[in-house]
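K.L.:
Here's a structure for you.
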Amino acid sequence: MGKRVVVTGAAQGIGRATAELCAREGATVVAVDRNAERLADLSGCEVRVLDLTDREAVTAFGENADAVDALFNCAGYVDAGELMATSDEGYRLSFDLNVHAITYMLRAFLPGMVSNGGGSIVNMASVAGPIIGVANRYAYCSSKAAVAGITRSVAVDYVGRGIRCNAICPGTVQSPSLDERLAATGDEQAARAAFVSRQPMGRLGSAEEIAYLALYLLSDESAYTTGQLHTIDGGWSMA
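The sequence shown runs contiguously to residue 266 in our numbering.
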């Protein structure tokens, strides 16, 4: 791959799988997360502990970092509940991490990418919100729909300056955060069965499967692709 790549949310799940895959493919990877403990054993990557909701900290990170060729905004938060059951805290965190943090990262790294001749940006959206409505996910669907808008806006505004911007829209993917959310229901087995049952393929996705799509979009192999929402959901949105 031969590029310098920044990956957020790199301590676990899709972000971790993507950071390690890019490193194996020859990229210089800066892996970003607020969880220092989980970053510590990341293979083949430079690591940076950072609270992405802290605008000043993200700005400073960008100012002190070398120019990058690719950026994967993968960090995110899943809040549960329909409109009236959504807490103010859950709503704020959904937008702080799923939306505002992406804007902070874009402002921190996009100018350098333009000055360096271009690059690729990949944002983590979801099938929930941009593609289909999902019950009891008001804040999540709303914030991920905003990610779709950010992606298209950046793509159209910067296509003439060598920047590509795409989004990935996964279905349900096995990850440590999913395990935590399932356990919090009080009946992890039943909750997992419910998630699996809505997938036409009869299984959840893996972080590695999403990572290979991210690798493609971050690399020059996808040089003719921008402004697109790439659904990878085991057929969920066909149902």
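Where is the CB? At the ideal position from N, CA and C, for every residue including glycine.
Since the structure is predicted, the reported quantities are computational estimates derived from the model, not experimental observations.
Answer with buried or exposed for Ser-142, where buried requires no fewer than 16 other C-beta atoms within 10 angstroms of its C-beta.
P.N.:
For the purposes of this step, residue 142 is taken as the residue at position 115 of the sequence shown. That one is exposed.
K.L.:
Can you check which of these residues, Gly-176, Ser-169 and Asp-184, is closest to Pro-138 by C-alpha distance?
P.N.:
In the sequence shown, counting from the first residue as 1, residue 138 sits at position 111. Among Gly-176, Ser-169 and Asp-184, the Cα nearest to that of Pro-138 is on Asp-184.
K.L.:
Could you tell me whether the Cβ atoms of Thr-252 and Arg-191 are closer together than 8 angstroms?
P.N.:
Position 225 of the sequence shown holds residue 252. Position 164 of the sequence shown holds residue 191. Result yes, Cβ atoms of Thr-252 and Arg-191 sit closer than 8 angstroms.
K.L.:
Taking 8 angstroms as the cut-off, decide whether the C-beta atoms of Gly-198 and Val-154 are in contact.
P.N.:
Numbered from 1 along the sequence shown, position 171 holds the residue referred to as residue 198. Numbered from 1 along the sequence shown, position 127 holds the residue referred to as residue 154. In contact: Gly-198 and Val-154 (Cβ atoms closer than 8 angstroms).
K.L.:
Can Ala-58 and Leu-66 be called in contact, C-beta distance under 8 angstroms?
P.N.:
As a working note, residue 58 is residue 31 in the sequence shown. As a working note, residue 66 is residue 39 in the sequence shown. Yes, Cβ-Cβ distance for Ala-58 and Leu-66 is below 8 angstroms.
K.L.:
Mark Arg-43 as exposed unless 16 or more other C-beta atoms lie within 10 angstroms of its C-beta, in which case mark it buried.
P.N.:
Numbered from its first residue, the sequence shown carries residue 43 at position 16. Its Cβ being crowded by 16 or more others within 10 Å, Arg-43 is buried.
K.L.:
Taking Cβ to Cβ, would you say Arg-61 is nearer than 8 angstroms to Leu-48?
P.N.:
As a first step, residue 61 must be located in the sequence shown, where it is residue number 34. As a first step, residue 48 must be located in the sequence shown, where it is residue number 21. No, they are not a contact pair.
K.L.:
Three Cβ pairs or more, each shorter than 8 angstroms: is that satisfied between the segment 121–130 and the segment 99–110?
P.N.:
Yes, since at least three Cβ pairs between the segment 121–130 and the segment 99–110 fall closer than 8 angstroms, the two stretches touch.
K.L.:
Within 10 angstroms of the Cβ of Ala-194, are there 16 or more other Cβ atoms? Answer buried if so, exposed if not.
P.N.:
Translated into the one-based positions of the sequence shown, residue 194 becomes position 167. So Ala-194 counts as buried.
K.L.:
Give the secondary structure of Arg-43 by DSSP, where H, G and I count as helix, E and B as strand, and everything else as coil.
P.N.:
Taking the first residue of the sequence shown as 1, we reach residue 43 at position 16. Of the three classes helix, strand and coil, the one that applies to Arg-43 here is helix, per DSSP.
K.L.:
Taking the continuous beta strand (DSSP E) assigned at Pro-138, which residues delimit it?
P.N.:
Taking the first residue of the sequence shown as 1, we reach residue 138 at position 111. Segment 128–142 is the alpha helix (DSSP H) holding Pro-138; no beta strand (DSSP E) there.
K.L.:
When you compare only the Cα positions, how much space is there between Thr-113 and Asn-163?
P.N.:
Position 86 of the sequence shown holds residue 113. Position 136 of the sequence shown holds residue 163. Each residue's alpha carbon lies about 9 angstroms from the other.
K.L.:
Going straight from the alpha carbon of Thr-80 to that of Ala-94, what length do you get?
P.N.:
Within the sequence shown, residue 80 is the residue found at index 53, counting from 1. Within the sequence shown, residue 94 is the residue found at index 67, counting from 1. Taking the straight line joining both Cα atoms gives about 22 angstroms.
K.L.:
Would you identify the three-state DSSP class for Pro-203, choosing helix, strand or coil?
P.N.:
Against the sequence shown, residue 203 aligns to sequence position 176. Helix.
K.L.:
Could you give the distance in angstroms between the alpha-carbon of Gln-255 and the alpha-carbon of Asn-100?
P.N.:
In the sequence shown, the residue the question calls residue 255 occupies position 228. In the sequence shown, the residue the question calls residue 100 occupies position 73. Gln-255 and Asn-100: Cα-Cα distance of roughly 15 angstroms.
K.L.:
Since Val-33 is in the beta strand (DSSP E), which residue starts that stretch and which ends it?
P.N.:
The residue given as residue 33 occupies position 6 in the sequence shown. Segment 31–35, the beta strand (DSSP E) holding Val-33.
K.L.:
How is Arg-230 classed by DSSP in three states: helix, strand or coil?
P.N.:
As a first step, residue 230 is located in the sequence shown; it is residue number 203 there, counting from the start. Arg-230: coil per DSSP, three-state reduction.
K.L.:
Any idea if Asp-247 is buried or exposed, counting beta-carbon neighbours within 10 angstroms, 16 or more meaning buried?
P.N.:
For the purposes of this step, residue 247 is taken as residue 220 along the sequence shown, with counting starting at 1. Flag for Asp-247 reads exposed.
K.L.:
Would the beta-carbon of Gly-156 fall within 8 angstroms of that of Tyr-167?
P.N.:
In the sequence shown, residue 156 corresponds to position 129, counting from 1. In the sequence shown, residue 167 corresponds to position 140, counting from 1. Yes. Within cutoff.
K.L.:
On the three-state DSSP scale, how would you describe Ala-97?
P.N.:
Indexing the sequence shown from 1 puts residue 97 at position 70. Correct three-state label for Ala-97: strand.
K.L.:
Of all the options Val-32, Gly-117 and Ala-46, which has the alpha carbon lying nearest to the alpha carbon of Tyr-165?
P.N.:
As a first step, residue 165 is located in the sequence shown; it is residue number 138 there, counting from the start. Of the listed residues, the one whose Cα sits closest to Tyr-165 is Gly-117.
K.L.:
May I ask you to report which of helix, strand or coil DSSP gives Asn-125?
P.N.:
By 1-based counting over the sequence shown, the position of residue 125 is 98. Residue state, collapsed to three classes: helix.
K.L.:
Would you call Asp-206 buried or exposed, if buried means 16 or more other Cβ atoms sit within 10 Å of its Cβ?
P.N.:
For the purposes of this step, residue 206 is taken as residue 179 along the sequence shown, with counting starting at 1. Exposed: under 16 other Cβ atoms inside 10 Å.
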